[in-house]
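Asker:
Okay, structure coming up:
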């Protein structure tokens with residue numbers, strides 16, 4: 001069985017970091033695109049921090065060398081024959097993907113209320129009406145924040161994805177594909193927009209490998 | 001550090017899947033309820049009943065999450081090209 005970390009340009013050297021479980025990294029070339037993988041006799045995967053971090057370290061090492069389309073954590077195939085077949089099948093889409101992420105990074109923006117306060121979903125003794133009306137108010141606020149923060153930021157990005165609805169307690173969660181050299185400008189703009197909403201805390205994270213923009217279904221310009 | 005048996009792991013994995021789907025349904029129901037309230041035309045009584053149904057579901061979900069030692073993050077299943085479920 002092989003574990004696949006991501007797709008990259010052909011002729012890429014295997015990254016100089018260990019893979020999952022300390023396994024050696026290898027590159028499979030399918031005449032046009034390539035992928036980094038490691039071989040395993042058997043592999044018991046769980047979303048433990050060690051394993052997820054090992055995966056992330058490989059993807060980041062790939063990113064340092066060129067454009068990468070990261071796979072989801074846990075992507076496994078039977079063998080390298082299957083891998084090269086998949087790469088060949090999806091070559092055109094993968095090439096478009098690599099072009100889409102070249103010299104770009106993913107930045108995450110997460111907006112939370114400044115204080116937990118009344119956003120706690122206390123369920124004891126609350127009336128259904130109070131609960132639902134509170135949810136309606138939160139929804140309205142999410143809409144405002146999206147308009148005030150997401151829209152200007154999405155204009156600075158090549159592509160963006162908004163988590164809709166955001167997982168509580170977040171009021172807004174967005175991922176942005178940004179040209180690497182525009183990262184400082186994007187970050188500064190995100191914080192400037194956040195400063196206009198003192199009742200909110202805004203976190204800008206990244207640069208990440210482009211997990212949210214790796215497939216064509218995810219891409220929305 | 002908890003050491004799980006295989007059976008516990010399987011049960012927890014299954015619970016994780018089921019509860020994620022229930023949470024997704026709850027969110028869809030909640031959005032629909034919000035839309036109906038915002039569109040207007042619901043009596044106070046209807047709002048109360050809708051709200052109580054959602055509250056009850058959230059409460060029960062909370063209990064199940066506690067029982068299986070699952071956090072909100074655990075329920076954010078990643079479906080590959082579909083992205084995160086929640």
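Protein chains in written order, with this note's numbering: chain A, 1 to 221; chain B, 1 to 86. Using N, Cα and C, we set each Cβ at its ideal position, and we do this for glycine too. Please read these numbers as outputs of a predicted model, since none were measured by experiment.
Any idea what DSSP makes of residue 106(A), helix, strand or coil?
Answerer: strand
Asker: Do the segment 165-184 of chain A and the segment 12-32 of chain A make contact, defined as three or more Cβ pairs closer than 8 Å?
Answerer: The segment 165-184 of chain A vs the segment 12-32 of chain A: no contact.
Asker: In chain A, which residues lie with their C-beta within 7 Å of the C-beta of residue 38(B)?
Answerer: 136
Asker: So with CB distances below 9 Å, who are the chain B contacts of residue 210(A)?
Answerer: For the C-beta of residue 210(A), not a single chain B residue is nearer than 9 Å; the gap to the nearest is close to 13 Å.
Asker: Decide if the segment 64-76 of chain A is in contact with the segment 162-169 of chain A; the criterion is three or more beta carbon pairs, one per stretch, under 8 Å apart.
Answerer: No, the segment 64-76 of chain A does not touch the segment 162-169 of chain A.
Asker: Helix, strand or coil for residue 1(A)? Go by DSSP, reduced to three states.
Answerer: coil
Asker: Of the residues that make up the segment 44-73 of chain B, which ones have a beta carbon closer than 8 Å to any beta carbon in chain A?
Answerer: 44, 47, 48, 49, 50, 51, 52, 53, 54, 55, 58, 59, 62, 72
Asker: Just list the alpha helix (DSSP H) runs in the segment 28-96 of chain A, keeping only unbroken ones of 4 residues or longer that don't cross its boundaries, in chain order.
Answerer: 49-65, 80-89
Asker: Measure the alpha-carbon distance for residue 134(A) versus residue 14(B) and round it to whole angstroms.
Answerer: 32 Å
Asker: On the criterion of 16 or more Cβ atoms from any shown chain inside 10 Å, does residue 150(A) qualify as buried, or is it exposed?
Answerer: buried
Asker: Which partner residues does residue 6(A) have in the DSSP bridge list?
Answerer: Residue 6(A) is bridged to 36(A), 70(A).
Asker: Using only CA atoms, which one of 43(B), 34(B), 67(B), 40(B) lies nearest to residue 142(A)?
Answerer: 34(B)
Asker: Can you name the residues that DSSP bridges to residue 140(A)?
Answerer: BP columns for residue 140(A) are empty, so no partner.
Asker: Alpha carbon to alpha carbon, what distance is there between residue 12(A) and residue 65(A)?
Answerer: 8 Å
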